[in-house]
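Each remark here refers to the structure printed beneath this line.
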Amino acid sequence: MLRTVVTRLAGAAVMAVLATLVVFLIANTVPGDPVLAQLGDIAASNPATVAEWRAKWGLDLPLWEQYLIFLRGLAQGDLGTSIASQRPVLEDIAQYAPATVELASIAFVLALGIGIPLGIAAAVWRDSWVDAMARVVSLIGVSSPTFWLAFIMLAIFYGGLQIAPGPGRLDPIAFPPDEVTGLFLIDTLLAGDWDGFHDAAAHLVLPSIVLAAATIGLITRTTRAAMLEAMGQDYVRVSRAKGMRERYTILRHVLPNALIPVVTLGGLAYANLLAGAVMTETVFSWPGLGRYTFRSAAALDFPAIMGITLVVSVTYLLVNLLVDLSYAMLDPRVRR
Amino acid sequence: MSASIALPAPRSRRARLWRRYGLAGIGAGIVLAWVLVAVFAPWLAPYPPDFVDVTNRLKPPSALHWLGTDALGRDCFSRLLFGARISLLAGISVVALGAAFGTLVGMVGAYARGFVDAALMRLTDLVLCFPPIILALAIAAALGIGTTNTIIAMLVVWWPKFARLARALALVQRSQDYVEAAVVLGLKPARILGRHIVPNAIGPLVVLVTLDIGNAIITFAGLSFLGLGVVPPTAEWGAMVAEGRELVEQWWVATFPGLAILSIVLGFNFLGDGVRDWLDPKARSR
């Protein structure tokens, strides 16, 4: 077991570094030029300014040397300096990550909390109106463009009915809580600031629903299919034949087996929520990693993009590893 | 199904047909309708899509402008019709090219085995370990805006899932007797792959392709929404939502393009579900 974990971790580390190499190569083979994206037109027309600027960021060095410098920094826990914000990339990421983690976690809880019960109900009352409703909910969730759903929710609940707060993490005139974790829900509680907690929670409602929409659909469908698969197994027939109550059979025999594929999907879904918050964050002016990624990409700020890639792909790989390990805990057959 | 559940009452032929083909039929209908709209957009649209009329800015839906006008006084209905062209083109070409390349990589790997297989699969894993949207964003930004560039950026992240699936499918076929027979007959590998393995393994690939087009349409519209897709003033649904996203009072500007995306993606998803049911009778009972 331990050996598997170590091998997988080493493999993950190698993959993550290779991933930065890919981004680095893309960054240097495509036509876009960060110099032009950063300097204004006037400054960019002056060759001396451009040369000086290139030298400052090390863009005049040979490619392999640039990458070696990046790797050397990486070994010391330094992801380089963002060209756009002029700050260390790691600092930027640390600043923006909590907002995304908070949003994605709430969305994830929402997706599991709605998706799993809905999927179970759809399977137990198959072909009933519950099943039909679950199917419609999941298909619409999967088929809605996130950026549009975000607009519609804001237009209805903020613009129209005025029962939800507008974009952002807090009321514009509110002070953010003293930073402990960066997660406003926790920080406001630690500070004993109930109004702040309420404000932060209210601001999370719409964006987390929007972000969760597609995942709710996926979880519902997977749960339903896994439940039906498990309900056709012999041990279920045995349980029923023994005269066990249907409720007991479903909860004790069907559900634990059906949840195995849901765990796999859930892990991936969480990683995707963290990475996929770009659209939601843009519409809700959410100061998270998604918006940072987008801004870095638009500015061709490749040190920042490489840093994000590294952090996100490491998260991806770790989540995958955790999923595989939890498999072994949930399913004794895998453990042997 | 387990025997303890009472058999369903015998259904009429019509109900059975509806159950089996209903959703797929609706999906096919929606997709076909949008294809026709895309093809005949110049004849169907009451105005040219880029016709600017600043005296008629942000007019609500009316008999003259069925879906109202946008901030430049352009007719939203005409732009919506023309937008179908870009979305269909982008969705279908990304998935078709991505599937073709991914299938080639996966099948060659499965057939060749050994070093080639290992190298191809490591490459696939490498791309898969990126969150697709982030990589596509970076590439699209670097290539510069434009429909073709955005499609290329999406292709880079799109093929690996097809490579994985194709490899798995080809590995199953590889051990079948008919492939052994073909090898014994001395057929060339390209012919064995193309004429024997691919046709037998194609079913699940077709399902993934159909279900994936909707996905690709949403992703393309999303990149476009962020300003990394089409060059203005091209009429494209994602860009149209972006143009209307600050206009809550003039809700029609952003609402209808979004509904268009939703409907076409639903269409492809219905169709994909239906195709899966036909090709995999086991899934039908689920």
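Chains L and D, in that order, give the protein sequences. Counting from 1, position 201 in the first sequence corresponds to residue 201 in this note's numbering; the numbering is continuous, with no gaps. One rule links them: number in this note's numbering = place in the second sequence (from 1) + 1000. In this text, a Cβ means the ideal position worked out from N, Cα and C, and glycines have one as well. Only a predicted model underlies this, so the values are computations on that prediction, with no experimental measurement involved.
- Neighbourhood of residue 1170 (chain D) in chain L, by CB distance below 8 angstroms: empty, with the nearest CB roughly 23 angstroms away.
- With distances taken between CA atoms, residue 269 (chain L) lies nearest to L:111 out of L:111, L:129 and L:60.
- Counting C-beta pairs closer than 8 angstroms gives fewer than three between the region 1107–1120 of chain D and the region 1220–1232 of chain D, which falls short of the contact rule.
- DSSP places residue 1121 (chain D) in the uninterrupted alpha helix (DSSP H) bounded by 1114–1128.
- Secondary structure note for residue 119 (chain L): its alpha helix (DSSP H) is the uninterrupted segment 89–124.
- DSSP places residue 220 (chain L) within a helical segment (H, G or I) once states are collapsed to three.
- Residue 198 (chain L) is classed as exposed because its beta carbon has fewer than 16 other beta carbons within 10 Å across all chains shown.
- Nearest Cα to residue 1273 (chain D) within the set D:1012, D:1022 and D:1015: D:1022.
- Cβ-Cβ separation between residue 1067 (chain D) and residue 1077 (chain D): approximately 4 angstroms, consistent with a contact (criterion under 8 angstroms).
- Secondary structure of residue 1075 (chain D) (DSSP, three-state): strand.
- According to the DSSP assignment, residue 283 (chain L) belongs to the alpha helix (DSSP H) that extends over 278–283.
- Under the 9 angstroms criterion on CB atoms, residue 313 (chain L) is classed as interfacial with respect to chain D.
- DSSP, read as helix, strand or coil, puts residue 1234 (chain D) in coil.
- The beta carbon of residue 1136 (chain D) sits closer than 6 angstroms to the beta carbons of 1153, 1154 and 1157 from its chain, once the five residues preceding and following it are set aside; these are given in chain order.
- In this structure, the straight-line span from the alpha carbon of residue 322 (chain L) to that of residue 262 (chain L) is close to 14 angstroms.
- Put simply, the CB of residue 1180 (chain D) is far from chain L, with every gap to its CB atoms at 9 angstroms or more.
- For residue 208 (chain L), same chain residues with a beta-carbon under 8 angstroms away, outside a window of 5 residues either side, are 103, 106, 107 and 110 in chain order.
- Beyond the five residues adjoining it in sequence on each side, residue 1173 (chain D) comes within less than 7 angstroms, by CB distance, of 1179, 1197, 1200 and 1201 in the same chain, given in chain order.
- Under the 8 angstroms Cβ criterion, the region 282–296 of chain L counts as touching the region 160–171 of chain L, having at least three qualifying pairs.
- With at least 16 other beta carbons inside 10 angstroms of its own, residue 1209 (chain D) counts as buried.
- Of all C-beta pairs linking the region 227–242 of chain L to the region 296–304 of chain L, fewer than three are shorter than 8 angstroms, placing the two stretches out of contact.
- Listed along the chain, the chain D residues whose CB falls inside 7 angstroms of the CB of residue 317 (chain L) are 1129.
- Contact annotation: in the region 275–287 of chain L, residues whose CB is within less than 7 angstroms of a CB in chain D are 275, 276, 278, 279, 282 and 283.
- Using a Cβ distance threshold of 9 angstroms, residue 1080 (chain D) and residue 1260 (chain D) count as a contacting pair.
- Considered as a whole, the region 1160–1189 of chain D harbours 1160–1174 and 1177–1184 as its complete alpha helix (DSSP H) runs of no fewer than 4 residues, in chain order.
- Interface residue (Cβ-Cβ distance to chain D less than 9 angstroms): residue 83 (chain L) is not classified as such.
- With 16 or more other Cβ atoms inside 10 Å of its own Cβ, residue 1161 (chain D) counts as buried.
- Residues of chain D whose Cβ lies closer than 8 angstroms to the Cβ of residue 272 (chain L) are, in chain order, 1131.
- Each of L:99, L:22 and L:84 was checked against the Cα of residue 64 (chain L), and the nearest Cα belongs to L:22.
- Within the same chain, Cβ atoms closer than 7 angstroms to the Cβ of residue 181 (chain L) are found at 98 and 187, the five residues on either side in sequence being excluded.
- For residue 1257 (chain D), the uninterrupted alpha helix (DSSP H) run begins and ends at 1252–1279, by DSSP.
- Rounded to whole angstroms, the Cβ separation of residue 265 (chain L) and residue 315 (chain L) is 17 angstroms, and the two are not in contact under 8 angstroms.
- At a cut-off of 9 angstroms, the C-beta of residue 1226 (chain D) has a neighbouring C-beta in chain L.
- Burial is judged here by how many other beta carbons sit within 10 angstroms of a residue's own beta carbon; residue 248 (chain L) has fewer than 16 and is exposed.
- Sequence-distant partners of residue 1034 (chain D) (beyond 5 residues in either direction) whose C-beta falls short of 6 angstroms from its own C-beta, in its chain, are 1084 and 1264.
- Contact check for residue 319 (chain L) and residue 267 (chain L): beta-carbon distance about 5 angstroms, within the 8 angstroms limit, so the pair qualifies.
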